[in-house]
Every structure is written in structure tokens, then in C-alpha cells.
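Under full-length UniProt numbering, the residues of the sequence shown are numbered 1 to 205, in order.
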Amino acid sequence: MQSGDATTINVGDRSSGDHKGKAAAAPVAIKASKHAKGGWKRGVAIFDFILRLFAIGAALAATTTMGTTDQTLPFFTQFFQFQASYDDLPAFTFFVIANAIASGYLVLSLPFSIVSIVRPHATGARLLLLIFDTVMVSLTTAGAAAAAAIVYLAHNGNSGANWIAICQQFDDFCQQISGAVVASFIAAVIFMLLVVMSGLALRRH
């Protein structure tokens with residue numbers, strides 16, 4: 001080997017190779033972040049579906065319990081009896097209608113909830129559920145609040161208006177309507193949770 005000779009090593013492609021490696025790694029990182037976000041949204045959608053099942057049970061329990069509430073006080077003659085029924089009061093009738101509508105909506109919303117599980121990035125079904133869930137919050141809360149006011153009067157009466165408490169006589173009637181109101185408030189709270197979860201799932205980041 002002569003002293004005048006020089007050995008050259010081509011290192012010019014190393015930077016281009018690093019650039020290609022970074023460029024190839026970028027789509028992998030993007031796909032990983034999308035997969036993580038999709039997994040989080042799918043978990044929210046699964047929890048949404050479970051909550052809807054519980055809400056169906058609560059709303060149906062409120063509807064059937066109030067709708068079948070009826071008590072007749074026994075007296076010595078069959079021509080002189082006191083009877084208490086839910087349809088004697090418009091607030092209880094509205095309560096039954098509101099919770100029946102909520103129950104029917106919840107059953108119809110299950111397929112849309114399943115779509116959100118299968119396609120967690122789809123916003124159409126989630127937005128539709130958010131809108132109708134918000135309406136159902138108002139409906140169930142209004143029905144439960146109206147019925148709760150009558151239940152309070154039934155238990156405590158109102159001395160200023162000379163309204164006597166009837167629950168000492170109609171104890172079974174009062175127990176059933178009280179349980180129906182509690183079930184309706186549970187359904188309303190679940191609707192509120194569904195609205196919050198839908199809002200979180202629709203976030204872009």
C-alpha cells in the first residue's frame with residue numbers, strides 16, 4: 001500500500017437512512033395513537049351500553065309500579081269504599097307516560113349503542129344518542145319531580161291548605177308510589193351520566 005493512496009469511506013447515505021427510518025416510524029406512531037384512542041372510546045361505548053340496560057330496568061320498574069298502584073280500603077259495606085289509584089292524579093299519569101316513553105326510547109337506542117361499540121370513531125350515532133338522551137333527562141326529571149311533590153303531600157299533608165296525609169290509611173299505595181319515584185330518579189341520573197359520557201366520546205382530542 002502506497003503512502004500517497006487514500007482510502008475513502010462513503011458515509012453520505014447515513015443521514016438519509018436515518019431520515020427514512022424516522023419517516024417510517026411516524027405512521028406507526030400515528031396508528032398506535034389512533035388505536036389507543038379507539039380503545040378508550042370503545043370502552044366508553046361498552047359502559048354506555050351497560051348503563052342503558054340498567055336504565056331500562058329502572059324506567060320499566062317505575063312505569064309498571066306506578067301503573068299498577070291501586071288500593072281500596074275495606075269497609076262494612078261494598079257501596080261505601082275509599083279507593084286510591086294512580087290515574088286519580090294527573091301528576092301520576094304524566095309520570096307513567098314519561099317513564100314509558102323513556103323505556104321505549106332506551107330499547108330503541110340499544111342498536112345505536114352497539115354501533116358505537118363496533119365503530120368507536122363514528123360520530124353520527126353518538127351525536128344522535130346525545131341529543132335524545134338530553135331530551136330524556138328533561139322528561140324523566142319532570143315526571144319524577146311532579147310525582148315526588150304529590151308523594152310528599154301524601155306522606156306529610158299540608159296544614160295550611162287543610163290537606164291531610166293519606167299514607168296512614170293507604171300505606172301500600174304510598175309505598176308503591178314512593179318506590180316508583182325513586183326508580184324514576186335513578187333512571188334520570190343514569191341519563192345524565194349517558195349525556196356526560198357521550199360528550200366525552202365526541203371530543204376530538
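C-beta: ideal position from N, C-alpha, C; glycine also.
If you draw a straight line from the alpha carbon of residue i to that of residue j, how long is it in whole angstroms?
{"i": "G179", "j": "A62", "result": "7 Å"}
{"i": "F185", "j": "A201", "result": "24 Å"}
{"i": "R42", "j": "D48", "result": "10 Å"}
{"i": "V196", "j": "T123", "result": "15 Å"}
{"i": "A187", "j": "W163", "result": "30 Å"}
{"i": "Q71", "j": "A100", "result": "22 Å"}
{"i": "D172", "j": "F94", "result": "21 Å"}
{"i": "D87", "j": "N158", "result": "22 Å"}
{"i": "R203", "j": "V96", "result": "35 Å"}
{"i": "R119", "j": "G67", "result": "38 Å"}
{"i": "residue 206", "j": "H121", "result": "Since the displayed the chain opens at 1 and closes at 205, residue 206 lies outside it and no answer follows."}
{"i": "K160", "j": "W40", "result": "This sequence places Gly at residue 160; Lys is not what is there. Their backbone Cα atoms lie some 56 Å apart in a straight line."}
Just to confirm before moving on: does the CB-CB distance between residue i and residue j stay below 8 Å?
{"i": "A59", "j": "L106", "result": "yes"}
{"i": "A45", "j": "I150", "result": "no"}
{"i": "T69", "j": "Q169", "result": "no"}
{"i": "A91", "j": "A147", "result": "yes"}
{"i": "L194", "j": "D133", "result": "yes"}
{"i": "M192", "j": "V137", "result": "yes"}
Excluding the 5 residues preceding and the 5 following residue i in the sequence, name in chain order all residues of the same chain whose CB lies nearer than 7 Å to its CB.
{"i": "A98", "result": "L139, T140, A142 and G143"}
{"i": "F54", "result": "I190"}
{"i": "S103", "result": "I56, A59, L60 and T63"}
{"i": "L128", "result": "F112"}
{"i": "V181", "result": "A144, A147, A148 and V151"}
{"i": "A125", "result": "F112, V115 and S116"}
Excluding sequence positions up to five away, which residues of its chain have a Cβ less than 8 Å from the Cβ of residue i?
{"i": "G199", "result": "L130"}
{"i": "L89", "result": "I150"}
Grab me the residues of residue i's own chain with a C-beta within less than 6 Å of its C-beta, minus the 5 sequence neighbours each way, in chain order.
{"i": "I166", "result": "A154"}
{"i": "T65", "result": "Q176, G179 and A180"}
{"i": "C174", "result": "A154 and C167"}
{"i": "S85", "result": "D70"}
{"i": "N156", "result": "A165"}
Is residue i near the ligand FMN, in the sense that its beta carbon is under 7 Å from a heavy atom of that ligand?
{"i": "V182", "result": "Annotation note on the ligand FMN: not contained in the displayed structure, which lists no ligands."}
Any beta carbon from chain D within less than 8 Å of residue i's own beta carbon?
{"i": "L139", "result": "Absence of chain D from the displayed structure is noted, only one protein chain being present."}
If we require 4 or more residues per run, which alpha helix (DSSP H) segments fall completely within the UniProt domain "Casparian strip membrane protein" (42–189)? 90–118 and 124–156
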